[in-house]
Ligand code: DUC
Ligand code: ZN
Ligand code: ZN
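In the numbering used here, the protein residues as written are 2 to 474.
So, in C-alpha cells, the structure goes:
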C-alpha cells in the first residue's frame, strides 16, 4: 500500500482547527499526528511514498454535496452534466462525494429506477457517490420497495409538493410515505413549495403576457414555500419521520424549520450557495432572456426582502444543517432557450457543483461563518445527516482519505473561461472572485486534482452504501 504524508497544515474540523500532520495508508487515514511527532517511529516526511507540504494551508475533509442531479431527465430535456463530467467538476472544486437522485417514474418499480441510476453512474464517476430515491408515485408497491432500498444503502427518499403532473405527491401520499420512512428510520426529503397554487399563478402570469424569466420568481412567492414547509413539518410530526427540507430559499420557511427544531422535532434545513449570493432583482431580472440562467426552484428571492442575511444567520445557528448545490445544469443553447417567450418552459436548475466549497469559504472571509462552520455544513454535517459518517466528512484514523488542501491566501476567479469544468455554456457565478483556492484534492488516498491539473479518472469513484442518519436530535 502506498503512503502519503501531509504535513505543515492546519487541520480544520467541524469542532476546531489545529496544526496537525496526516498520514494516509492506501485508501484510508492512518494517523493524525502532532507536528514533529515521532510516535510512528520514523521520519514520515522522508519515508512516505508521497509527501505534501501544506504549510500555510488548511487541510479539510473532502466536501460532501448531498444534492445533485447529473444527467437528470427534466423539463423536456436532460441536465447537461453526465456523471463523468459533473463528478470531475466536483473534484476540481474540492467535493469528493456526491449524493444524486434516482428517479422513479409513475408505473416503474423504485428498485428498477435505482438500478437504472446505478447503470448511469457505474464506471463513470471521478469521486464517490451515493443515491437518494425520488418516489414519483407513492403507492403500495413503491412503499414496499422503500425498505429494500434502505438495505441497499439508499436511506433517504425525496417527495415533491411542487410540479403537479410530474413528481407531485398529494398530502395523503406524503403522509403514507412519511409513515413508511418513520417505520424504517429513513430520512424523508421534501421539495416544499405549494405546486398546485403556483401553477395557477404561472398560468395567470403567462396569460397576462408576463413571460420573461423574472416572472418565474414572482409566481413562486415565499408564502408558497413557507406554507408547504409548515405543512410538511406538521405531517412529519404526525408520523415521526425525520424530515429534511431541500433547497430552502425563503427566510420564512427557515423560521418554520427553526421553530420545529426548537421543539425537538427532527427537521433539517438545506440551503444552496445560489440563495446566499444571487437574487430575484439582479439575476432573474437581468435584461432580455438572460435571467433564464438562474431559473431554478425554489426560486432566487428578492434581495430587498432580506432573505440572504437570514439564511447566513440560520447557518450560524445550526437550523440550516447542510449546504448543498442542487446542481442541475442546463445550457442556454437548446435547453434554457426552450423558454423564450414563456418562462414556464425554461428547464429549472442551476449548476454549481464545482463552486460550493469556494463560495462557502468566501462566507468565512466575509465574516459570515466560522472556518469550522464551513467544514461542518459542507463536509461533516452532510456525511452525518446522510449516514456516511465517520467514513466521510472527517479527518480521523479509519476514515476514507478524502482530503482537500485549501489555500486561504490563494485566489479563484469563477467563470466560463476560467475555472469551469462543468458541462455548461455559461456560469451562474460569472465574475465572482473568491479569496481562497482549492490546491490539492485526494479521494481515498489518490490525488485527483493538483494545482489545477486533473489526475483522476472516470471509474475511480465508487457507490457508497449509506446507513441511517446519524444527525438526529
Ligand atoms: N429544482 C430545480 O431547480 N431543478 C431540479 C429539481 C428541482 O427541484
Ligand atoms: Zn427540488
Ligand atoms: Zn434538486
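All C-beta atoms, glycine included, are put in the ideal place defined by N, C-alpha and C.
1) Restricting to Cα atoms, I'd like to know which of 453, 307, 11 and 430 is closest to residue 363.
2) Got a sec: does ligand 1 put a non-hydrogen atom nearer than 7 Å to the Cβ of residue 154?
3) Any heavy atom of ligand 3 closer than 7 Å to the beta-carbon of residue 324?
4) How would you write the range of the alpha helix (DSSP H) that residue 245 sits in, first residue to last?
5) Scan the segment 388-456 and note each continuous beta strand (DSSP E) run of 3 residues or more that stays entirely inside, going in chain order.
6) Tell me which residues share the same chain as residue 25 and place their Cβ nearer than 7 Å to its Cβ, disregarding the 5 neighbours each side in the sequence.
7) By the three-class DSSP mapping on this structure, what secondary structure does residue 119 have?
8) For the alpha helix (DSSP H) containing residue 88, list its first residue and its last residue.
9) Can you name the start and end residues of the alpha helix (DSSP H) that residue 80 belongs to?
10) Kindly list the residues whose CB is nearer than 7 Å to the CB of residue 33, restricted to its own chain and excluding five residues on each side of it in sequence; keep chain order.
11) Look at the alpha carbon of residue 270 and the alpha carbon of residue 243, and state the distance between them as a whole number of angstroms.
12) In or out: residue 209 buried (at least 16 other Cβ within 10 Å) or exposed?
13) So is residue 376 buried or exposed if we call it buried at 16+ other beta carbons inside 10 Å?
14) Report back the beta-carbon spacing between residue 258 and residue 320 to the nearest angstrom; my notes put them in contact at under 8 Å.
15) Does the beta-carbon of residue 273, which I'm using as the reference point, lie nearer than 7 Å to any heavy atom of ligand 1?
16) Is any heavy atom in ligand 3 found nearer than 7 Å to the beta carbon of residue 327?
17) Pull up the distance between the alpha-carbon of residue 359 and that of residue 141, whole angstroms please.
18) Have a look at residue 195 and residue 414 and give me their C-alpha separation to the nearest angstrom.
19) Please work out which residues of its chain come closer than 6 Å, Cβ to Cβ, to residue 460, disregarding the five sequence neighbours upstream and downstream, and give them in chain order.
20) According to DSSP, is residue 59 part of a helix, a strand, or is it coil?
21) If distances are taken between C-alpha atoms only, which option among 92, 171 and 277 comes closest to residue 192?
22) Do residue 336 and residue 78 come within 8 Å of each other at the CB atom, strictly closer than that value?
23) On the DSSP bridge assignment, give the partners of residue 26 in chain order.
24) Considering only C-alpha positions, which residue in the set 315, 465 and 265 is nearest to residue 277?
25) Let me check you understand the geometry: is the CB of residue 332 closer than 7 Å to at least one non-hydrogen atom of ligand 1?
26) Going by beta carbon distance, what residues of the same chain come within less than 6 Å of residue 423, once the five residues before and after it are set aside?
27) Which residues in the same chain as residue 177 place their Cβ atom closer than 8 Å to its Cβ, once the five residues preceding and following it in sequence are excluded?
28) Quick check on DSSP: helix, strand or coil for residue 43?
29) Take residue 223 as the anchor and find which of 250, 232, 237 and 45 has the nearest alpha-carbon.
30) Whole angstroms are fine: how far does the CA of residue 37 sit from the CA of residue 428?
According to the data block:
1) 430
2) no
3) no
4) Residue 245 -> not in any alpha helix (DSSP H); beta strand (DSSP E) instead, spanning 244-246.
5) 404-408, 438-444 and 447-451
6) 4, 5, 31, 402 and 446
7) helix
8) 84-93
9) Run containing residue 80: none; DSSP gives neither H nor E here.
10) 12, 21, 23, 396, 397 and 398
11) 11 Å
12) exposed
13) buried
14) 6 Å
15) no
16) yes
17) 43 Å
18) 37 Å
19) 124
20) strand
21) 171
22) yes
23) 4 and 29
24) 315
25) no
26) 82, 90, 330, 352 and 355
27) 139 and 144
28) coil
29) 250
30) 44 Å
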